[in-house]
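What follows is a single structure, written as C-alpha coordinates, with notes after it.
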Amino acid sequence: METTQQDGQQRSAAARRRRELLEAADRVVLRDGPQASMNAIAAEAGITKPILYRHFGDKGGLYRALAKRHTDALLAALRAALDAPAERRERVEATLDTYLAAIEARPQVYRFLMHPSEDAHQPEQGFDVGRHSAPLLRRLGEELATVIAERVDLGPDSAQLARVWGHGIVGMMHAAGDWWLGERPCSRDQLVSSLADLLWGRLAAASDRAGGSGF
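First residue of the sequence shown? That's 163 in this note's numbering, and the numbers climb one at a time after it.
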(Lines of atoms letter the chains of each structure in order from A and count residues from 1; the text may use other names and numbers.)
(Lines give C-alpha, C1' and ligand atoms only; values in the text may rest on other atoms or scores of the structure.)
Protein backbone atom coordinates (compact mmCIF):
# COMPACT_ATOMS: atom_id res chain seq x y z
CA MET A 1 0.00 0.00 0.00
CA GLU A 2 2.81 2.38 0.92
CA THR A 3 4.60 1.66 -2.39
CA THR A 4 1.41 2.31 -4.35
CA GLN A 5 0.93 5.62 -2.56
CA GLN A 6 4.53 6.63 -3.24
CA ASP A 7 4.14 5.71 -6.92
CA GLY A 8 1.03 7.87 -7.10
CA GLN A 9 2.78 10.80 -5.51
CA GLN A 10 5.71 10.45 -7.90
CA ARG A 11 3.39 10.37 -10.93
CA SER A 12 1.55 13.41 -9.61
CA ALA A 13 4.81 15.29 -9.06
CA ALA A 14 6.04 14.33 -12.55
CA ALA A 15 2.78 15.48 -14.13
CA ARG A 16 2.96 18.78 -12.22
CA ARG A 17 6.58 19.30 -13.29
CA ARG A 18 5.65 18.57 -16.91
CA ARG A 19 2.86 21.18 -16.76
CA GLU A 20 5.32 23.72 -15.35
CA LEU A 21 7.77 23.04 -18.18
CA LEU A 22 5.02 23.37 -20.78
CA GLU A 23 3.98 26.69 -19.25
CA ALA A 24 7.59 27.87 -19.47
CA ALA A 25 7.69 26.72 -23.11
CA ASP A 26 4.47 28.63 -23.78
CA ARG A 27 6.01 31.83 -22.42
CA VAL A 28 9.03 31.46 -24.70
CA VAL A 29 6.87 30.62 -27.72
CA LEU A 30 4.68 33.68 -27.06
CA ARG A 31 7.85 35.78 -27.06
CA ASP A 32 9.88 34.13 -29.83
CA GLY A 33 7.38 32.30 -32.04
CA PRO A 34 8.98 29.82 -34.46
CA GLN A 35 12.44 30.87 -33.24
CA ALA A 36 11.76 29.40 -29.78
CA SER A 37 14.70 27.13 -28.93
CA MET A 38 15.23 24.36 -26.42
CA ASN A 39 18.01 26.47 -24.85
CA ALA A 40 15.65 29.40 -24.30
CA ILE A 41 12.89 27.15 -22.92
CA ALA A 42 15.31 25.45 -20.52
CA ALA A 43 16.55 28.86 -19.33
CA GLU A 44 12.97 30.08 -18.83
CA ALA A 45 12.23 26.98 -16.75
CA GLY A 46 15.41 27.41 -14.72
CA ILE A 47 16.86 24.04 -15.75
CA THR A 48 19.51 22.72 -18.12
CA LYS A 49 18.72 21.47 -21.60
CA PRO A 50 19.56 17.82 -20.71
CA ILE A 51 16.85 17.92 -18.04
CA LEU A 52 14.39 19.27 -20.62
CA TYR A 53 15.38 16.42 -22.95
CA ARG A 54 14.75 13.98 -20.10
CA HIS A 55 11.11 15.10 -19.99
CA PHE A 56 10.40 15.46 -23.73
CA GLY A 57 13.21 13.69 -25.60
CA ASP A 58 13.81 16.40 -28.20
CA LYS A 59 12.10 19.43 -29.74
CA GLY A 60 9.72 17.10 -31.56
CA GLY A 61 8.56 15.65 -28.26
CA LEU A 62 8.11 19.11 -26.79
CA TYR A 63 6.26 20.20 -29.91
CA ARG A 64 3.85 17.26 -29.67
CA ALA A 65 3.15 18.03 -26.02
CA LEU A 66 2.48 21.72 -26.80
CA ALA A 67 0.38 20.80 -29.83
CA LYS A 68 -1.80 18.49 -27.73
CA ARG A 69 -2.16 21.15 -25.04
CA HIS A 70 -3.34 23.80 -27.50
CA THR A 71 -5.37 21.43 -29.67
CA ASP A 72 -7.25 20.17 -26.61
CA ALA A 73 -8.13 23.75 -25.68
CA LEU A 74 -9.14 24.62 -29.25
CA LEU A 75 -11.32 21.52 -29.60
CA ALA A 76 -13.09 22.34 -26.34
CA ALA A 77 -13.81 25.86 -27.62
CA LEU A 78 -15.02 24.54 -31.00
CA ARG A 79 -17.29 22.02 -29.29
CA ALA A 80 -18.76 24.81 -27.15
CA ALA A 81 -19.48 26.85 -30.29
CA LEU A 82 -21.14 23.85 -31.95
CA ASP A 83 -23.22 23.18 -28.83
CA ALA A 84 -24.45 26.76 -28.48
CA PRO A 85 -28.27 27.17 -28.54
CA ALA A 86 -28.52 28.95 -31.89
CA GLU A 87 -29.60 28.43 -35.48
CA ARG A 88 -27.30 26.32 -37.65
CA ARG A 89 -25.94 29.25 -39.64
CA GLU A 90 -25.07 31.08 -36.42
CA ARG A 91 -23.30 27.99 -35.05
CA VAL A 92 -21.33 27.59 -38.29
CA GLU A 93 -20.19 31.21 -38.08
CA ALA A 94 -19.43 30.89 -34.37
CA THR A 95 -17.28 27.80 -35.02
CA LEU A 96 -15.32 29.51 -37.79
CA ASP A 97 -14.90 32.60 -35.62
CA THR A 98 -13.70 30.52 -32.66
CA TYR A 99 -10.87 29.07 -34.75
CA LEU A 100 -9.86 32.42 -36.23
CA ALA A 101 -10.07 34.16 -32.84
CA ALA A 102 -7.74 31.51 -31.37
CA ILE A 103 -5.00 32.00 -33.94
CA GLU A 104 -5.44 35.78 -33.84
CA ALA A 105 -5.12 35.87 -30.05
CA ARG A 106 -1.86 33.87 -29.99
CA PRO A 107 -0.25 34.28 -33.42
CA GLN A 108 3.23 33.38 -32.15
CA VAL A 109 1.95 30.06 -30.81
CA TYR A 110 0.18 29.39 -34.11
CA ARG A 111 3.34 30.16 -36.09
CA PHE A 112 5.42 27.94 -33.84
CA LEU A 113 3.00 25.06 -34.38
CA MET A 114 2.53 25.55 -38.11
CA HIS A 115 5.67 27.22 -39.53
CA PRO A 116 9.36 26.37 -39.30
CA SER A 117 11.92 28.89 -38.18
CA GLU A 118 13.16 31.14 -40.99
CA ASP A 119 16.31 32.02 -39.06
CA ALA A 120 19.26 30.57 -40.97
CA HIS A 121 21.37 30.79 -37.80
CA GLN A 122 18.87 28.85 -35.71
CA PRO A 123 20.72 25.75 -34.43
CA GLU A 124 17.52 23.69 -34.54
CA GLN A 125 16.77 24.72 -38.11
CA GLY A 126 16.35 21.09 -39.17
CA PHE A 127 13.18 20.64 -37.09
CA ASP A 128 10.49 19.44 -39.51
CA VAL A 129 7.35 21.30 -38.48
CA GLY A 130 5.33 19.90 -41.39
CA ARG A 131 5.90 16.33 -40.22
CA HIS A 132 4.44 17.22 -36.83
CA SER A 133 1.71 19.69 -37.84
CA ALA A 134 0.00 17.28 -40.26
CA PRO A 135 -1.19 14.97 -37.43
CA LEU A 136 -2.54 18.02 -35.58
CA LEU A 137 -4.69 18.99 -38.58
CA ARG A 138 -5.77 15.37 -39.09
CA ARG A 139 -6.89 15.22 -35.47
CA LEU A 140 -8.99 18.36 -35.90
CA GLY A 141 -10.47 16.90 -39.09
CA GLU A 142 -11.38 13.60 -37.43
CA GLU A 143 -12.91 15.36 -34.43
CA LEU A 144 -15.07 17.54 -36.67
CA ALA A 145 -16.01 14.51 -38.78
CA THR A 146 -17.25 12.76 -35.64
CA VAL A 147 -19.42 15.73 -34.72
CA ILE A 148 -20.88 15.91 -38.24
CA ALA A 149 -21.57 12.16 -38.35
CA GLU A 150 -23.34 12.35 -34.97
CA ARG A 151 -25.51 15.34 -35.85
CA VAL A 152 -26.14 15.55 -39.61
CA ASP A 153 -28.07 13.07 -41.77
CA LEU A 154 -26.00 12.83 -44.95
CA GLY A 155 -27.83 9.84 -46.41
CA PRO A 156 -25.95 6.91 -48.00
CA ASP A 157 -22.24 6.67 -47.15
CA SER A 158 -22.86 9.13 -44.31
CA ALA A 159 -19.76 8.15 -42.31
CA GLN A 160 -17.42 8.56 -45.26
CA LEU A 161 -19.01 11.85 -46.32
CA ALA A 162 -18.73 13.16 -42.75
CA ARG A 163 -14.97 12.54 -42.87
CA VAL A 164 -14.72 14.31 -46.25
CA TRP A 165 -16.58 17.29 -44.79
CA GLY A 166 -14.61 17.29 -41.54
CA HIS A 167 -11.19 17.27 -43.19
CA GLY A 168 -12.34 19.63 -45.96
CA ILE A 169 -13.65 22.22 -43.50
CA VAL A 170 -10.49 22.03 -41.37
CA GLY A 171 -8.34 22.38 -44.48
CA MET A 172 -10.34 25.42 -45.56
CA MET A 173 -10.13 27.03 -42.11
CA HIS A 174 -6.41 26.37 -41.87
CA ALA A 175 -5.51 27.66 -45.36
CA ALA A 176 -7.79 30.71 -45.19
CA GLY A 177 -6.76 31.50 -41.61
CA ASP A 178 -3.06 31.20 -42.41
CA TRP A 179 -3.42 33.60 -45.36
CA TRP A 180 -5.59 36.01 -43.36
CA LEU A 181 -3.28 36.07 -40.34
CA GLY A 182 -0.33 36.94 -42.57
CA GLU A 183 -1.95 39.58 -44.78
CA ARG A 184 -5.03 40.84 -42.88
CA PRO A 185 -6.87 41.67 -46.13
CA CYS A 186 -10.23 41.99 -44.36
CA SER A 187 -11.79 41.94 -40.91
CA ARG A 188 -12.32 38.68 -39.06
CA ASP A 189 -16.08 39.16 -39.32
CA GLN A 190 -15.84 39.54 -43.09
CA LEU A 191 -13.74 36.39 -43.42
CA VAL A 192 -16.14 34.42 -41.21
CA SER A 193 -19.13 35.52 -43.28
CA SER A 194 -17.40 34.71 -46.57
CA LEU A 195 -16.32 31.23 -45.43
CA ALA A 196 -19.79 30.52 -44.05
CA ASP A 197 -21.27 31.51 -47.43
CA LEU A 198 -18.94 29.00 -49.10
CA LEU A 199 -20.05 26.18 -46.79
CA TRP A 200 -23.68 27.07 -46.47
CA GLY A 201 -25.29 25.60 -49.61
CA ARG A 202 -24.96 21.91 -48.73
CA LEU A 203 -25.11 22.50 -44.99
CA ALA A 204 -28.39 24.37 -45.31
CA ALA A 205 -29.96 21.47 -47.22
CA ALA A 206 -28.83 18.67 -44.88
CA SER A 207 -31.21 17.47 -42.17
CA ASP A 208 -30.28 16.96 -38.54
CA ARG A 209 -29.78 13.32 -37.59
CA ALA A 210 -32.78 11.91 -35.72
CA GLY A 211 -32.08 11.85 -32.00
CA GLY A 212 -28.95 13.99 -32.35
CA SER A 213 -28.33 17.38 -30.81
CA GLY A 214 -28.33 19.16 -34.16
CA PHE A 215 -25.63 20.88 -36.15
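Ideal placement from N, C-alpha and C gives every residue a C-beta, glycine not left out.
Predicted model only: the values in this text are computed from it and were never measured.
The criterion of a C-beta distance shorter than 8 Å is satisfied by G328 and G303. Residue pairing by DSSP places V314 opposite D370 in a beta bridge. Between the beta-carbon of A248 and that of A256 there is about 7 Å, and that keeps the pair under the 8 Å contact cut. Sequence-distant Cβ neighbours of F274 in its own chain, meaning closer than 7 Å and more than five residues away, are V191, G195, P196 and A198. Distance between L353 and K211, taken at the CA atoms: about 42 Å. Per DSSP, E266 is one residue of the alpha helix (DSSP H) stretching across R250 to A267. Using a Cβ distance threshold of 8 Å, V254 and L365 count as a contacting pair. Taking the Cβ atoms as the reference, A264 lies roughly 11 Å from A238, outside the contact range of under 8 Å. Closest in C-alpha terms to E305, from the list D359, V326 and D315, comes V326. Here W342 is buried, its C-beta having at least 16 other C-beta atoms within 10 Å. About 6 Å separates the Cβ atoms of R371 and V314, confirming a contact at the 8 Å cut-off. Here G219 carries a coil assignment [DSSP, helix/strand/coil].
Separation of L262 and G333 (C-alpha to C-alpha, rounded to the nearest whole angstrom) is 13 Å.
The C-alpha of A177 is placed about 18 Å away from the C-alpha of I203.
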